[in-house]
Amino acid sequence: MMMNYTHLNNFMPIQILTNNFLAKIYAGLAVTGQTSPNGNSDLGLEADGGPNEGFSQYIRGYWQLQELTTDEAIIAWGESDNPGIRDLNFNTWNADNKFNEAFFARIFFQIGLVNEFLRETTEEKLSSRGVSTDLKAQIKTFRAEARFLRALSYYHAIDIYGRIPFATEGDIIGSGVKPSVQSREYVFNYILGELNEIDGDLAAAKTNEYGRADKAAAWMLKAKLYQNSKVYTGVDKSTEALAEITKVIGSPYKVATIPYANLFKADNNTNGAQDEVIFPITFDGIKTKTYGGTTFLILASCNKPVGATLGINDGWAGFRARQEFIQSTGTDARVMKVAGSTDPASISDYSKFDEGTKLIKFSNKNAAGGNGSDGIFADADFALFRMGDAYLMYAELAIVNGKGSTATALGYINALRTRGGAANIAMSDIDALITTDAKEMFILNERAKELYWEGTRRQDLIRLNHYVSGYTWQWKGGIQNGNSIPSTRTLFPIPNKYLNINSNLSQNPGY
Numbered sequence: 049m050m051m052n053y054t055h056l057n058n059f060m061p062i063q064i065l066t067n068n069f070l071a072k073i074y075a076g077l078a079v080t081g082q083t084s085p086n087g088n089s090d091l092g093l094e095a096d097g098g099p100n101e102g103f104s105q106y107i108r109g110y111w112q113l114q115e116l117t118t119d120e121a122i123i124a125w126g127e128s129d130n131p132g133i134r135d136l137n138f139n140t141w142n143a144d145n146k147f148n149e150a151f152f153a154r155i156f157f158q159i160g161l162v163n164e165f166l167r168e169t170t171e172e173k174l175s176s177r178g179v180s181t182d183l184k185a186q187i188k189t190f191r192a193e194a195r196f197l198r199a200l201s202y203y204h205a206i207d208i209y210g211r212i213p214f215a216t217e218g219d220i221i222g223s224g225v226k227p228s229v230q231s232r233e234y235v236f237n238y239i240l241g242e243l244n245e246i247d248g249d250l251a252a253a254k255t256n257e258y259g260r261a262d263k264a265a266a267w268m269l270k271a272k273l274y275q276n277s278k279v280y281t282g283v284d285k286s287t288e289a290l291a292e293i294t295k296v297i298g299s300p301y302k303v304a305t306i307p308y309a310n311l312f313k314a315d316n317n318t319n320g321a322q323d324e325v326i327f328p329i330t331f332d333g334i335k336t337k338t339y340g341g342t343t344f345l346i347l348a349s350c351n352k353p354v355g356a357t358l359g360i361n362d363g364w365a366g367f368r369a370r371q372e373f374i375q376s377t378g379t380d381a382r383v384m385k386v387a388g389s390t391d392p393a394s395i396s397d398y399s400k401f402d403e404g405t406k407l408i409k410f411s412n413k414n415a416a417g418g419n420g421s422d423g424i425f426a427d428a429d430f431a432l433f434r435m436g437d438a439y440l441m442y443a444e445l446a447i448v449n450g451k452g453s454t455a456t457a458l459g460y461i462n463a464l465r466t467r468g469g470a471a472n473i474a475m476s477d478i479d480a481l482i483t484t485d486a487k488e489m490f491i492l493n494e495r496a497k498e499l500y501w502e503g504t505r506r507q508d509l510i511r512l513n514h515y516v517s518g519y520t521w522q523w524k525g526g527i528q529n530g531n532s533i534p535s536t537r538t539l540f541p542i543p544n545k546y547l548n549i550n551s552n553l554s555q556n557p558g559y
């Protein structure tokens, strides 16, 4: 496969490298090019065969594949401006889907950036440029953070695609050699090896500057990998997952003692939410303009009148929740519904924004009620990893997998319920979960209440055996009342565009 990313033919001056190059890698999770929101896209102009720039933003792409394909969201937009979006709603996508293609390109652009950074910061190259001992030590930490970011993207890649093209800094770019293809299990083990190797070089938990990776972020990623290991490799690693998530929970991060809604507001980098967020993707309405990220998540969830209440001067009338999600979450106060809405919960026509339950999650208002820095582009950061998720990961390991303590799990569940204004549950409620299915559905519902629209739902449903069958939602499989879908839908296809470029690639089953 030919990677479509900016190759640095001439090495930057070292001072620019130590700041701007690593910043560019982090920024690749938030913006789409050097002049975001439009123009000079990292992935090439749409007119020249590149993806739509807004479609290609990392969080927007990841979120759409993880959420629109589930009960948590359905989008009203038509095919003329968003070709292929309906197929995400219906779980009927194919290998030419533009949203899948855009995210595939973004993941491997990001990995390519890291590989180039690592090639140009070896001990040998730094010594040849006369880099001081102090700066070498700093760059050692930078390299560990870059390797974490590469591990993160490879984790997303195996979660969504399974068997993938694979390259590291040891592969020569521009040599005419096509990247190899590696199995899900191979890349799974590679990621774990990387995370173990960099642990000593990352900053201690909660000591790095906000927005940068530290040891706790690496532990959380390892816990995610281990918890999904049975899906990725066929081998249960719940014991290992418990060990890693216990380290995360024991770190200086904590469940923030603030109103639940403030976790997702414009000042969530300073309003107390930052105490909970282990790894955020940071946004700024002035400095990081993008049609993805939390700007997309706010605008696409509302019409213009509701947008005004969220600190945004527009509304794209896109997604809302399907009725099965609302039924499963009940009256839990964390599921924030648009006040006064009388729209029906049932969706007879997916393209009508006035059908389905309108929810609020992210906001461009700050905790004090003021607006963010810009009227269109949001300031709210997106928490890729946070302690609330860690608590529920522990609860799942205890209740579903029989690891850890159910009493501790109950305490974690109730801590989140109390913070969110929901009633506590008792140990008798957990003891009443006799069957595996009941335990899985309980955890799915708790995760839905706390983590809806945070990009975890597809993965959760697959891991807990309710994505393909056993649980149905409206328009699943393309019919109003829903249907089971083929098991091959647990993976997305390798885009045809890249199959045609790299003969080492083969298509996933079912496509």
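All letters in the sequence shown, in the order written, are residues 49 to 559 by my numbering.
Positions of the beta carbon are idealized from the N, C-alpha and C atoms, including for glycine.
Reduced DSSP secondary structure (H/G/I, E/B, other) of T189: If DSSP states are grouped into helix, strand and coil, T189 belongs with the helices.
Give me the Cα-Cα distance between Q528 and T377, rounded to the nearest whole angstrom. Approximately 21 Å, taken between the alpha carbons.
A229 - containing beta strand (DSSP E), residue span: The sequence shown places Val at residue 229, not Ala. Counted as a single uninterrupted DSSP element, the beta strand (DSSP E) harbouring V229 occupies residues 228-230.
Per-residue DSSP class, three states only, for T246: Here residue 246 is Ile; the residue named in the question, Thr, does not match the sequence. In the structure shown, I246 sits in a helix (DSSP, three-state: H, G or I).
If you follow the alpha helix (DSSP H) that L432 is in, where does it begin and where does it stop? Per DSSP, L432 belongs to no alpha helix (DSSP H); it is in the beta strand (DSSP E), 430-434.
Go ahead and pull the three-state DSSP assignment for V561. There is simply no residue 561 to check, as the chain begins at 49 and stops at 559 in what is shown.
Own chain partners of M51 with C-beta closer than 6 Å, once the 5 adjacent residues on each side are dropped: Because M51 sits at a pLDDT of 36, beneath the cut-off of 50, its placement in the model cannot be relied upon, and the point is left open.
Rounded to a whole number of angstroms, what is the C-alpha to C-alpha distance between E444 and L93? A straight-line Cα-Cα distance of about 44 Å links E444 and L93.
Taking one C-beta from the segment 335-355 and one from the segment 69-87 each time, how about it: are there three or more such pairs within less than 8 Å? Taking 8 Å as the limit for Cβ pairs, the verdict is that the segment 69-87 does touch the segment 335-355.
By the three-class DSSP mapping on this structure, what secondary structure does F196 have? It is helical.
Quick check on this structure: which residue in T318, K270, I297 has the alpha carbon closest to the alpha carbon of E288? The shortest C-alpha separation from E288 is found at K270.
Who are the near neighbours of T54 in its chain, counting only those whose CB is closer than 7 Å to its CB and skipping five residues on each side? Model confidence at T54 stands at a pLDDT of 37, short of 50, so the residue's coordinates are unreliable; what they give is reported in the following sentence. Same-chain partners within the cutoff: D90.
Output the distance between the C-alpha atoms of M49 and P543, rounded to the nearest integer angstrom. Note on M49: pLDDT 35, under 50, position unreliable in the model; no value is reported.
Opposite V325 in the DSSP bridges: which residues? Residue pairing for V325: DSSP places it in a beta bridge opposite R434.
In three-state terms, what does DSSP make of R154? Correct three-state label for R154: helix.
Contact defined as beta carbons within less than 8 Å: I believe I447 pairs with I491. What is the distance between those atoms, to the nearest angstrom? I447 to I491, Cβ: 6 Å. Contact.
Contact the segment 185-198 vs the segment 254-272: 3+ CB pairs below 8 Å: At 8 Å Cβ cutoff, the stretches touch.
For the beta strand (DSSP E) that contains F401, what are its first and last residues? Here F401 belongs to no beta strand (DSSP E), and DSSP marks it neither H nor E.
Would you identify the three-state DSSP class for N419, choosing helix, strand or coil? Assigned with DSSP and collapsed to three states, N419 falls in strand.
Output yes or no for whether 8 Å exceeds the beta carbon distance between G420 and G333. Yes. Within cutoff.
Per DSSP, the bridge partner or partners of G81: G81 is bridged to S89.
For K184, does the count of other Cβ atoms within 10 angstroms reach 16, so buried, or fall short, so exposed? Looking at its Cβ environment, which holds fewer than 16 other Cβ atoms inside 10 Å, K184 is exposed.
Could you check if I346 is buried or exposed, using at least 16 other CB atoms within 10 Å of its CB as the buried criterion? Flag for I346 reads buried.
Selected residue, minimal CA-CA separation from W501, among Y546, F367, I461, Q375: If we check each option's Cα against that of W501, F367 comes out closest.
State the DSSP-derived secondary structure class of L407, mapped to helix, strand or coil. In the structure shown, L407 falls within a strand segment according to DSSP collapsed to helix, strand and coil.
6 Å CB neighbourhood of R108 in its chain, flanking five on each side removed: Excluding sequence neighbours, R108 sits near G340, F344.
Going by DSSP, which residues form a beta bridge with K413? Answer is N419, bridged to K413.
Using the beta-carbon count (16 or more within 10 Å), is Y258 buried or exposed? With fewer than 16 other Cβ atoms within 10 Å, it is exposed.
Grouping DSSP H, G and I as helix and E and B as strand, with all else coil, what is F367? Three-state DSSP puts F367 in a strand.
In terms of DSSP beta bridges, what is K385 paired with? L407.
Nearest-angstrom Cα separation, counted from F69 out to G417: Between the C-alpha atoms of G417 and F69 there is a straight-line separation of about 36 Å.
F425 by DSSP, collapsed to three states: which one? Here DSSP, grouped into helix, strand and coil, assigns F425 to coil.
Quick one: Cα of N414 to Cα of V325, how far? Across the structure, N414 and V325 are spaced so that their CA atoms are roughly 17 Å apart.
Residues in its own chain within less than 6 Å of F59 by CB, not counting five upstream and five downstream? Confidence at F59 is low in this model, with a pLDDT of 46, below 50, so its placement is unreliable and the value that follows should be read with caution. Result list for F59: E168, in chain order.
Alpha-carbon spacing of Y110 relative to G503, whole angstroms: The alpha-carbon atoms of Y110 and G503 are separated by roughly 7 Å.
Simplified DSSP assignment, three categories, for P213: Of the three classes helix, strand and coil, the one that applies to P213 here is strand, per DSSP.
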